[in-house]
Each structure stands twice: as structure tokens, then as C-alpha cells.
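For reference, the structure is listed below as C-alpha cells.
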Amino acid sequence: MQRGLNNLFVAEWLKLRATKIWMVPLLILLPLAYNIFMLKKVMVDQYQFTDENQWLVAMMMFVVLGGSLFYPFISAMLTSHINRIEDQQNSWKIMLTLPYTWSQVYLAKIIWLVLLALMTQVIFLIGLITIGKFMGLDDPILWQDILFQVFLGWIGLSVLNVIQFWISYYFKNSITPIVIGVILSIPVFILAESSYGFVYPWAMPVLGMNGNANVPFFILITIVYTLLFGYGGAKFFIRKGT
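Numbering (the working numbering), first residue to last: 729 to 970.
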């Protein structure tokens with residue numbers, strides 16, 4: 729099983745590297761750059777805001793004013809793209825002839841979605857420091873706080889990718905899952921600072937990054953969602969595939 733999974737993992741890489749899916753995580757830089765610009769040019773330069781560490785404020789502004797909408801959108805784009813590759817190449821039927829189980833195929837795709845979530849967060853971190861330095865944020869960089877919030881955001885985005893993959897596979901087209909992801913991202917703007925936000929899966933990435941997360945509870949919820957939607961998605965994927 730391990731060898732088969734390794735082969736599928738490499739096969740996924742060969743398919744993905746020829747696409748533009750690598751551009752999708754870069755979308756996270758748009759709200760990040762805007763919020764850092766507003767922080768520096770408006771809050772700091774015009775209103776002399778110096779009460780909090782500028783880097784943590786930049787994180788908070790991004791979570792509330794950008795990440796709440798962009799993370800679900802990016803997740804929908806990534807999962808839809810991975811499914812569209814197979815649909816365009818009619819690869820689903822070809823997989824029936826290969827010596828792999830559908831559970832291996834599913835797991836290989838989920839692993840890549842987790843890695844793409846990690847790539848998104850790495851781009852966010854590099855963008856935060858680079859754009860922040862360019863814009864003139866001069867407070868000390870609180871690496872421990874920032875890295876921990878980015879890590880929790882990765883966990884939250886990975887869970888959301890598992891859910892969105894199920895939706896994308898169910899609808900078998902590239903537009904509907906993205907539209908659903910955008911619509912379901914709207915309540916995140918409200919729930920990001922709510923005590924009820926943890927019950928809403930589309931809020932998981934920003935809840936992990938808002939700096940106020942109840943970490944043990946957050947980890948518990950992500951485990952529950954991963955087991956629930958991962959198992960459900962895998963059963964649906966295997967049943968439809970066979």
C-alpha cells in the first residue's frame with residue numbers, strides 16, 4: 729500500500745506541475761498587501777496608532793478584513809482545480825484499470841491539498857514580512873506568536889480543503905464548488921470574532937489565526953471535522969469511483 733501511495737503521490741505531482749494551480753495560493757497576498765497598506769498609511773501615519781505591535785495588528789486586520797473571504801475562496805479554487813484535472817483528462821475511468829485502490833487515490837489527493845495549504849501559509853508568512861518591511865513596519869517581529877498563528881491557520885485551511893474536496897467531487901464541475909465556497913465564506917466575516925465561530929468549518933483558517941483561539945478546543949474541533957468529513961468524503965469518493 730505504501731508503494732502504491734508513493735506512486736500516486738508522484739503521479740499527482742506530475743499532473744499538478746503542468747497546471748496553474750501554483751498561482752492560486754498567491755491570491756492570499758492581495759488582502760494581505762491591502763491591509764498592511766491601510767495599517768501603515770492610515771492607522772500609523774495619520775492617526776499615530778502605536779498601542780499594539782504592528783505585526784500582530786497586521787495579522788488581525790488580515791484575518792477580519794481579508795482572510796475571512798479569501799481562505800474559503802482559495803480552498804474552493806484548489807479543490808476544484810484538482811478535480812478538474814481528472815475530469816478534463818477523463819482520468820477517473822483510467823484509474824479503474826490501475827492497480828491502486830480508490831482509498832489510495834483519495835489519500836494522495838488529500839495529502840497534496842494539505843501541502844498546498846502549507847504553501848499558502850508559507851507565501852502568507854513571506855508576504856507579511858516582505859510587504860511589512862517594504863511599507864515600513866518597524867516594531868519587533870514577534871516570531872513565536874506569528875509562526876504559531878500561521879501554523880494554526882494551516883491546520884484550519886487543511887481541514888477546509890478536506891471538506892471542499894468532497895463538495896468539488898460531488899458536483900463534478902469547476903464553477904459550482906467555487907460559487908458555494910464564496911457564498912459560505914460570507915458568514916465567516918461575522919463569525920471570525922464570535923464564540924460560535926468554531927461550529928462553522930469555513931471559519932477554521934481565520935479562527936486559528938486571530939490570536940485569540942482556545943488552542944486545545946481548536947485542535948479538538950479540527951480533529952473532529954477531519955475525521956467526520958474525511959471519512960464521509962472518502963466513503964463517497966470510493967463508492968462513486970467503484
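Note that CB positions come from ideal geometry on N, CA and C, so glycine has one too. Keep in mind the model is a prediction, meaning the values are calculated, not measured.
Alpha helix (DSSP H) containing residue i: first to last residue?
{"i": "V887", "result": "W871 to F899"}
{"i": "L757", "result": "L757 to M766"}
{"i": "Q832", "result": "W830 to M863"}
{"i": "A786", "result": "Q782 to F790"}
{"i": "L754", "result": "Looking at the DSSP string, L754 is not in any alpha helix (DSSP H), and its letter there is neither H nor E."}
{"i": "I914", "result": "Counting along the chain, I914 falls outside any alpha helix (DSSP H), and DSSP gives it neither H nor E."}
{"i": "P933", "result": "M932 to M937"}
Kindly list the residues whose CB is nearer than 7 Å to the CB of residue i, restricted to its own chain and excluding five residues on each side of it in sequence; keep chain order.
{"i": "L733", "result": "Q832, L835 and A836"}
{"i": "L919", "result": "G925, Y928 and A931"}
{"i": "L767", "result": "Q782, V785, A786 and M789"}
{"i": "L736", "result": "Y828, Q832, V833 and A836"}
{"i": "F965", "result": "W830, Y834 and Y897"}
{"i": "T848", "result": "P753, I756, I802 and L885"}
If I'm right that residue i touches residue j with Cβ under 8 Å, what's the distance once you round it to whole angstroms?
{"i": "L797", "j": "S913", "result": "5 Å"}
{"i": "I842", "j": "S886", "result": "Residue 842 is actually Val in this sequence, not Ile. Right, the Cβ-Cβ distance comes to about 5 Å (below 8 Å), so this counts as a contact."}
{"i": "G881", "j": "M937", "result": "4 Å"}
{"i": "G909", "j": "F801", "result": "6 Å"}
{"i": "T747", "j": "I813", "result": "6 Å"}
Residue j and residue i - do their beta-carbons sit closer together than 8 Å?
{"i": "P933", "j": "Y799", "result": "yes"}
{"i": "D867", "j": "Q782", "result": "yes"}
{"i": "L875", "j": "P753", "result": "no"}
{"i": "L757", "j": "I851", "result": "yes"}
{"i": "G860", "j": "I764", "result": "yes"}
{"i": "L784", "j": "L846", "result": "no"}
{"i": "W840", "j": "L956", "result": "no"}
{"i": "F945", "j": "L935", "result": "no"}
{"i": "G795", "j": "Q877", "result": "no"}
What does a CB cutoff of less than 8 Å around residue i pick up in its chain, not counting 5 residues either side in sequence?
{"i": "G1036", "result": "What the structure shows of the chain is the stretch from 729 to 970, and residue 1036 is not part of that stretch, so it cannot be assessed."}
{"i": "P915", "result": "Y928, W930 and A931"}
Using a Cβ-Cβ cutoff of less than 6 Å, which residues in the same chain neighbour residue i once the five nearest sequence positions on both sides are dropped?
{"i": "F777", "result": "M771"}
{"i": "L865", "result": "Q782"}
Quiz item: Are the segment 758-775 and the segment 889-900 touching, with three or more C-beta to C-beta distances below 8 Å?
Solution: no
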